Amino acid sequence: MNVWRRDNACEKTSYMFLRKELPVRLANTMREVNLLPDNLLNRPAVGLVQSWYMQSFLELLEYENKSPEDPQVLDNFLQVLIKVRNRHNDVVPTMAQGVIEYKEKFGFDPFISSNIQYFLDRFYTNRISFRMLINQHTLLFGGDTNPAHPKHIGSIDPTCNVADVVKDAYETAKMLCEQYYLVAPELEVEEFNAKAPDKPIQVVYVPSHLFHMLFELFKNSMRATVELYEDKKEGYPSVKTLVTLGKEDLSIKISDLGGGVPLRKIDRLFNYMYSTAPRPSLEPTRAAPLAGFGYGLPISRLYARYFQGDLKLYSMEGVGTDAVIYLKALSSESFERLPVFNKSAWRHYKTTPEADDWSNPSSEPRDASKYKAKQDKIKTNRTL
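For any residue, its number in our numbering is found by taking its place in the sequence shown, counting from 1, and adding 1.
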């Protein structure tokens, strides 16, 4: 993250980097999209996303050989970046719509679902990185600096107060919870700074990324708590948050007593194909980001992993859930985690599924269609 320090900021250098890097990231994404199943590629929503990426790629490619010494070139490039960013605003819900349409028409296949999961994690991570690069350039050189945060370096806060972001995210989630349920659990926040006791915990980070993760986790905890205790007399238990800072990790644990989730369902909460939510409208309501798609947790985990962190859930069914966000304590270790498009990635889409090599009586083998056909054939032969 040190690459974006204010004393390193130079518009010409940023321009020369982005005019090469952004088209490369777009091109790699488009190549990987083409490895998806044809039935998914043929969905109108997926085709729309592809057209956005192609248009942005061609617009950025026009600057490949334009001189950074020309102020007009720099100004025009800035405007192109803003236009590209706006064009891609609805990439997440639009791609989600394509996945929903595919699932409704062709059903659920374990192998294809695994490939789609692999692709979407990489696709949305690339999008996070793409917007991060654009936002840094436009905020640093476009005169869009927020007067309320004069010390921010683009979208990065060099002294991000974690407890403040926790409280902001809680208040926003509380407002939504009260709109739907008329009540909301209270928040308890505790800090433990192992590096500098009695000092508030601060980190070099992107507050909007942290807010996104915390808001999603608070929203889930509040909903689970209110729905479990709505008919009970003892009231609603608080949602507890513990923020800790060690030598390597900054950790944020959000704990609720909302009843928890069975162990077998934990992985599904991060699976794009497992959403049981009703098909949402694509109308831009802005009420709740990604509402209805079931993408909140998987996207939040990608935000955490983008700068080498992670997001994990630990649940005890019948009691509640602990959600933990792990971030790097040192900015020198918070470098981008990006998907690489190479032969290994290509083989992931092309390799045929193999049979499970562990017994698992609660699930069918991975290649379920062939397994069922084989069993039906055996039964037929036995009856003859």
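The beta carbon of each residue, even a glycine, is placed where N, CA and C say it ideally should be. These numbers come from a predicted model, not from an experiment.
Compute the Euclidean distance between the alpha carbons of residue i and residue j, then round it to the nearest angstrom.
i, j, result
"THR150", "GLU217", "Strictly speaking, residue 150 in this sequence is His, with Thr absent from that position. If you take the alpha carbons of HIS150 and GLU217, they lie about 24 angstroms apart."
"VAL163", "SER301", "16 angstroms"
"LYS266", "ARG123", "22 angstroms"
"TYR273", "ARG88", "23 angstroms"
"GLU119", "ASP232", "For clarity, residue 119 is Tyr in the given sequence; the question names Glu instead. Going from the Cα of TYR119 to the Cα of ASP232 covers about 41 angstroms."
"SER68", "GLY48", "34 angstroms"
"LEU264", "TYR171", "26 angstroms"
"TYR64", "ASP358", "51 angstroms"
"SER395", "MET17", "Only positions 2 to 385 of the chain appear in this structure, which leaves residue 395 out of reach."
"GLU365", "ILE113", "Summary for GLU365: the model assigns pLDDT 49, below 50, so the residue's position carries little reliability, and this model does not support an answer."
"HIS153", "GLN203", "14 angstroms"
"GLU355", "SER256", "39 angstroms"
"TYR129", "TYR307", "Correcting the residue identity first, residue 129 is Ile in this sequence and not Tyr. Cα-Cα distance, rounded: 8 angstroms."
"LEU42", "VAL34", "8 angstroms"
"MET223", "LYS234", "17 angstroms"
"THR160", "GLN80", "30 angstroms"
"LEU27", "ARG86", "13 angstroms"
"LYS344", "GLU179", "50 angstroms"
"TYR315", "GLY297", "17 angstroms"
"THR14", "LYS21", "11 angstroms"
"PRO285", "PRO94", "Bear in mind that a pLDDT of 48 at PRO285, under 50, signals an unreliable position, so the number given afterwards is only what the model happens to contain. Distance between the alpha carbons of PRO285 and PRO94: 10 angstroms."
"PHE109", "PRO208", "37 angstroms"
"SER360", "ALA225", "33 angstroms"
"ALA278", "GLY236", "Residue placement at ALA278 is flagged as unreliable, the pLDDT there being 49, under the threshold of 50; the coordinate-derived value follows with that caveat. Computed Cα separation, rounded: 28 angstroms."
"LEU291", "PRO111", "Confidence in LEU291 is poor, its pLDDT being 37 and thus under 50, which makes the residue's placement unreliable; the coordinate value appears in the next sentence. Going from the Cα of LEU291 to the Cα of PRO111 covers about 24 angstroms."
"PHE193", "GLU105", "47 angstroms"
"VAL74", "ASN29", "26 angstroms"
"LYS168", "PRO72", "42 angstroms"
"PHE271", "PRO299", "5 angstroms"
"ASN66", "LYS84", "20 angstroms"
"GLU337", "VAL190", "29 angstroms"
"GLU70", "LEU303", "37 angstroms"
"MET96", "ALA346", "20 angstroms"
"VAL227", "LEU177", "12 angstroms"
"ASN40", "PHE78", "37 angstroms"
"ARG287", "PHE342", "The predicted model places ARG287 with a pLDDT of 42, which falls under 50 and marks its position as unreliable; any figure quoted below should be read in that light. Using only the alpha carbons, I get a separation of about 33 angstroms."
For residue i, which residues does DSSP report across the bridge?
i, result
"GLN203", "ASN162"
"ALA46", "None; ALA46 has no bridge partner."
"ALA356", "In DSSP, ALA356 forms no bridge with anything."
"ASN194", "LEU246"
"GLU189", "LYS241"
"LEU134", "According to DSSP, LEU134 bridges with nothing at all."
"ILE154", "ILE157"
"LEU270", "None; LEU270 has no bridge partner."
"MET317", "GLY321"
"TYR327", "SER252 and ASP311"
Should residue i go down as buried or exposed, given a rule of 16 or more other Cβ atoms within 10 Å for buried?
i, result
"ASP76", "exposed"
"TYR181", "exposed"
"ALA185", "buried"
"SER57", "buried"
"SER335", "buried"
"ASN127", "buried"
"GLY319", "exposed"
"MET55", "exposed"
"THR242", "buried"
"ASN221", "buried"
"ASP199", "exposed"
"ARG44", "buried"
"MET317", "exposed"
"VAL50", "buried"
"GLY1", "Nothing about residue 1 can be read from this structure; the chain reaches only from 2 to 385."
"THR322", "buried"
"GLY295", "buried"
"LEU246", "buried"
"PHE219", "buried"
"LEU183", "exposed"
Do residue i and residue j have their C-beta atoms within less than 8 angstroms of each other?
i, j, result
"GLU12", "PHE131", "no"
"SER115", "ASN136", "no"
"VAL166", "LEU211", "yes"
"MET214", "LEU82", "no"
"LEU140", "LEU19", "no"
"SER252", "VAL325", "yes"
"LYS196", "LYS248", "yes"
"TYR327", "ALA305", "yes"
"ASP158", "TYR206", "yes"
For the ligand GTP, is there any heavy atom lying closer than 7 angstroms to the beta carbon of residue i?
i, result
"GLY297", "By its list of ligands, the structure shown contains no ligand whatsoever, and the ligand GTP lies outside what it can speak to."
Which whole-angstrom value describes the C-beta separation of residue i and residue j, a residue pair presumed to lie in contact below a C-beta threshold of 8 angstroms?
i, j, result
"ALA46", "GLY99", "4 angstroms"
"PRO24", "LEU62", "5 angstroms"
"LEU121", "TYR350", "That pair is no contact at about 13 angstroms."
Is there a Cβ from chain B that is less than 8 angstroms from the Cβ of residue i?
i, result
"VAL74", "No chain B is present in this structure, which holds just one protein chain."
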